[in-house]
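Sequence lines, in order, name chains A and B.
With the first letter of the first sequence counted as 1, position 168 gets the number 167 in numbering that gives the first Met the number 0; the numbers rise by one all the way through.
With the first letter of the second sequence counted as 1, position 130 gets the number 129 in numbering that gives the first Met the number 0; the numbers rise by one all the way through.
We put the CB at the ideal spot given by N, CA and C, even for glycine.
All figures in this text were calculated on a predicted structure; none of them were measured in a lab.
What follows is a set of notes on a single structure, which appears directly below.
2 protein chains.
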Amino acid sequence: MATPRWRQLADRLAAQIADGTYGPGDPLPYIRDLVEQGEGSKALVHQAFRALEAEGLVVSRRGKGTFVRRQRQQVRREPQRRYQWEKDRALLPEEERAKTGATEFDTGLELPELRFHSRYTTIPAPPQIARRFDVADGTLMLCRRYWTSSRDEDAPLSLIYSWLVHEVAAQNPDLLNQDNEPWPGGTMNQLLTIGIEVDHIVDEISTRSPNTEETEILALDSGVPVLILKKTSIDTNGKVAEYSEVALPGDRTQMAYTIPLKRWKKN
Amino acid sequence: MATPRWRQLADRLAAQIADGTYGPGDPLPYIRDLVEQGEGSKALVHQAFRALEAEGLVVSRRGKGTFVRRQRQQVRREPQRRYQWEKDRALLPEEERAKTGATEFDTGLELPELRFHSRYTTIPAPPQIARRFDVADGTLMLCRRYWTSSRDEDAPLSLIYSWLVHEVAAQNPDLLNQDNEPWPGGTMNQLLTIGIEVDHIVDEISTRSPNTEETEILALDSGVPVLILKKTSIDTNGKVAEYSEVALPGDRTQMAYTIPLKRWKKN
DNA sequence: GAGTGGTCTAGACCACTGT
DNA sequence: CAGTGGTCTAGACCACTCC
């Protein structure tokens, strides 16, 4: 089929954004003006604008107009450094651990008006989770949901589901109480209190469109996907100690990994 | 403002998809039927359906109906293994190198009807690229664009921009000729022919909505984001030897990294 | 040909922003 | 208050699928 007129209009505007005719923060023409100029009915022009918004190119503000989206500053996450830092920190005395948290490590922000939300639930393992831990379907799990937010609108956020085998976590009853969050020293220290040392961590990264909850909590603009980080911590016995799924705002997050390579022998 | 009726309808259908009322592959009610049932005008119901499509939950087929999207099988990429494998292979004699390519490594597919597309251009470095290589703005660069495609509709794809300093690549004129693609042994072998050994690689991963070109070449369904892999190869002198940006289909790609941690000392 | 989703119009009203 | 984007309707026509 021929390209619909709303697509043609959207592509034309997208090209003008790409070539700088409309720069970041600039206003696009008003919908009503484009209708008057014969681009089509209001619904048609509006559909073109919604497409541009879904593609992350523009933002519309009711009563003001439509503007070219500014690229948001990205937070660079380096799990290789972060996980080792977290593990080292887990052994320190509590006063030391309390000084700075993982969120500050990721963002570089001081700890200002950070609010910490958490909700713990105990539920039977769904099939996918049971498979990760190599336990029977329905094994009781401790499912911890949490996120940090800040008054700063710019503050990067993450939305986390973390899973532990309930029977294991219950060895230290403090771990079952959500009011103990944020736990000084993080998950590595929590695991230490029940005699578990993490040997290595596997990060799996994918992406998808956000659901309505993620859109709301992460304050995502329309059209922004989420990065999904599935993090599996394996202990020194080869067992899965903890598994978490982290949703990260796609327009503010960059994951970075360094891969060293073996040197070729000299000839 | 109150939630618009099209959002309410979309959320209600999304909830029914989530709870299994409509399973993968199942048809949703017809738009016209929902209109008759008083859900709203056709445009309103249609807008709800487009929202569900943009969120990746359903696909619409003209003349047939609207169906719950099936989750696509994901290809797991393990750069730590792949890059070392690529480096090891670069030293092999040509007959050995020709046996299997990087695409087969990623996908596990045999090399059936793979078609290889490439386009080389020589252009002055844009600011971002110049900064990566730490060269002056406008330094001549060899920009290589390529992708592999397959008759199999299921075949996973990637769309790549790769950059080299032109003056460096020109030491082996064969590297400037796009008809030599696919080069047996890959980029590591190409670099070897001009005396460069890669010491380590930095992967940076982000995500965004696809542009129209990526949507077309990667055959992305509506609402599917792309994973962006920015890969920087650093040689044994600490210089950037090659830089590439890879667009990967978000519904078919998973990146996996393993992070070993130092053991705690025994008490 | 009957039924599906997709496009498009003309116009109404609402919610919000500025002055 | 005028002007903006967002919602919604009623109806027309088009492109495609299946019988």
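Cβ-Cβ distances below 8 Å link residue 200 (chain A) to 78, 82, 230, 231, 232 and 233 in the same chain, with the five nearest sequence neighbours on each side left out; the list follows chain order. Scanning its chain for C-beta atoms nearer than 7 Å, with the 5 sequence neighbours on each side dropped, one finds around residue 179 (chain B) the residues 173, in chain order. In the displayed model, residue 72 (chain B) falls within coil according to three-state DSSP, outside both helix and strand. With its beta carbon at least 9 Å from every one in chain A, residue 181 (chain B) lies outside the interface. With a 10 Å radius around the Cβ and a threshold of 16 neighbouring Cβ atoms, residue 40 (chain A) comes out exposed.
Annotation for residue 60 (chain B): the continuous beta strand (DSSP E) segment containing it runs 57-60.
Listed by position along chain A, the residues whose Cβ is nearer than 9 Å to that of residue 196 (chain B) are 260, 262 and 263. Contact between residue 53 (chain A) and residue 13 (chain B) does not hold, since their C-beta atoms are separated by about 17 Å, which reaches or exceeds 8 Å. Taking C-beta atoms as the reference points, residue 6 (chain A) and residue 47 (chain A) count as a pair closer than 9 Å.
Across the structure, residue 29 (chain B) and residue 224 (chain B) are spaced so that their CA atoms are roughly 27 Å apart. Under the Cβ distance rule, residue 241 (chain B) does not count among the residues neighbouring chain A, no pair being separated by less than 9 Å. In chain order, 258 make up the part of chain A whose C-beta sits under 7 Å from the C-beta of residue 78 (chain B). For the options B:80, B:246 and B:128, the alpha carbon positioned closest to that of residue 141 (chain B) is the one of B:128. Note that the C-beta distance between residue 239 (chain A) and residue 227 (chain A) is not below 9 Å.
Annotation: residue 207 (chain A) is outside any alpha helix (DSSP H); the continuous beta strand (DSSP E) that includes it extends over 197-207. Note on residue 209 (chain A): 16 or more other CB atoms within 10 angstroms of its CB, so buried under the neighbour-count rule.
Taking 9 Å as the cut-off between beta carbons, the residues of the stretch 199-212 of chain A near chain B are 199, 200, 201, 202, 203, 204, 205, 206, 207, 208, 209, 210 and 211, in sequence order. In the DSSP assignment, residue 255 (chain B) falls within the beta strand (DSSP E) that extends over 252-259.
By the Cβ-count criterion, residue 189 (chain B) is buried, with 16 or more other Cβ atoms from all chains shown falling within 10 Å of its own Cβ.
Taking a beta-carbon distance threshold of 9 Å, residue 83 (chain B) counts as an interface residue toward chain A. Chain-ordered, the chain A residues with CB closer than 8 Å to the CB of residue 224 (chain B) read 206, 207, 208, 224 and 249.
Residue contact check for residue 158 (chain A) against chain B: no CB pair falls below 9 Å.
Rounded to whole angstroms, the separation of the alpha carbons of residue 216 (chain B) and residue 177 (chain A) is 48 Å. The alpha-carbon separation between residue 87 (chain B) and residue 254 (chain B) amounts to approximately 21 Å. What residue 255 (chain B) touches in chain A, judged by beta-carbon distance under 8 Å, is 201, 202, 203 and 204, going in chain order. For chain A, the residues of the stretch 35-53 of chain B that bring a beta carbon within less than 8 Å of one of its beta carbons are 42 and 53, in chain order. Judged by their CB atoms, residue 122 (chain B) and residue 167 (chain B) are not nearer to each other than the 9 Å cut-off. Our two residues, residue 32 (chain B) and residue 70 (chain B), have alpha carbons roughly 27 Å apart in a direct line. In the three-state scheme derived from DSSP, where H, G and I count as helix and E and B as strand, residue 95 (chain A) is classed as helix. Taking the CA atoms as reference points, residue 65 (chain A) sits about 22 Å from residue 222 (chain B).
Just so you know, the alpha carbons of residue 94 (chain A) and residue 184 (chain A) end up roughly 10 Å apart. In the same chain as residue 44 (chain A), and ignoring 5 residues on each side of it, the C-beta atoms closer than 8 Å to its own belong to 5, 8, 30, 33, 34 and 38, in chain order. DSSP places residue 144 (chain A) within a strand segment (E or B) once states are collapsed to three. Per DSSP, residue 234 (chain B) is not a residue of any alpha helix (DSSP H); the beta strand (DSSP E) it occupies stretches across 225-234. About 17 Å separates the beta carbons of residue 242 (chain A) and residue 175 (chain A), which is beyond the 8 Å limit, so they are not a contact pair.
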